[in-house]
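The structure under discussion appears below in the form of structure tokens.
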Ligand SMILES: [Cu+2]
Ligand SMILES: [Zn+2]
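In our numbering, the protein residues as written are 381 to 593.
Here's what the structure looks like:
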């Protein structure tokens, strides 16, 4: 003879399932767990970030303009964290340059005919054209009071490259970065060689050197 479940048991099971499903939909996030910060990868929070290196930002007169910190956030991805001040309000191009030497009025290591502020820091880190260099980062926005902060995660560069024998530098430029985005109506051939070097970002105004220990 086939056993049948009592109707009351079936009903209570159904109610339990419904309650469970409804509960899952409305369960709030634990209050002590902040949402992941923008730019973080799955499961990584700012708390997981480990400082790799840090540099003081200086202008050509040697005055402090804040700090830049490199953090290992997750699986080798790096966060570049900038806290700057004393900048001209508006957008400024920022890049990682090849040499950790921030010398005012120095000679370009690749072109001895060029001399200027922080040219000792070399060109953009990485191969190819701007904005595909490992060096290239989103711009920094300086507020009306000249302060600026930025936190960006990049997977284009690793800490060994930043902290190789001659180090590297974080450079803030006077002008915005055009990311070599030159519309056809301005130039039929697109960006020229000069633009593909550094995005027409103008002089280097602030520099911070990352050096190996
Ligand atoms: Cu640059
Ligand atoms: Zn570049």
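Each residue gets a CB set at the ideal place from its N, CA and C atoms; glycine is no exception.
Nothing here was measured: the structure is a model prediction, and the numbers come from that model.
In this structure, residue 466 keeps its C-beta atom at 7 Å or more from the C-beta atom of residue 548.
Not one heavy atom of ligand 2 sits closer than 6 Å to the Cβ of residue 477. If you draw a 10 Å sphere on the C-beta of residue 515, you find 16 or more other C-beta atoms in it, and that means buried. Shown here for residue 494: same chain residues with a beta carbon closer than 6 Å to its own, the five before and five after excluded, namely 488 in chain order.
Boundaries for residue 465: no beta strand (DSSP E) harbours it, and the DSSP string shows neither H nor E there. Under DSSP, residue 496 forms a beta bridge with 486.
The beta strand (DSSP E) runs of length 3 or more contained entirely in the segment 518-551 are, from start to end of the chain, 520-522, 528-534. With a 10 Å radius around the Cβ and a threshold of 16 neighbouring Cβ atoms, residue 500 comes out buried.
Look at residue 462: its beta carbon is at least 6 Å from all of the heavy atoms in ligand 1. A Cβ-Cβ contact shorter than 7 Å links residue 535 with residue 457.
Assignment of beta-bridge partners to residue 471 by DSSP yields 521.
Counting C-beta pairs with one atom in each stretch, the segment 470-484 and the segment 552-570 have three or more that are closer than 8 Å, which means they touch. Remark: the shortest separation between the CB of residue 515 and any heavy atom of ligand 2 falls under 6 Å. Following the DSSP letters along the chain, one finds residue 438 inside the beta strand (DSSP E) bounded by residues 430-439. In the structure shown, the three-state DSSP call for residue 501 is helix.
Check the Cα spacing between residue 511 and each of 593, 431, 571: the tightest is with 571. Using a Cβ distance threshold of 7 Å, residue 463 and residue 529 count as a contacting pair. Within the DSSP secondary-structure output, residue 478 pairs in no beta bridge. Under the three-state reduction of DSSP output, residue 573 falls in the coil class, being neither helix nor strand. Under the DSSP assignment, residue 562 falls outside any beta strand (DSSP E); it carries neither an H nor an E label.
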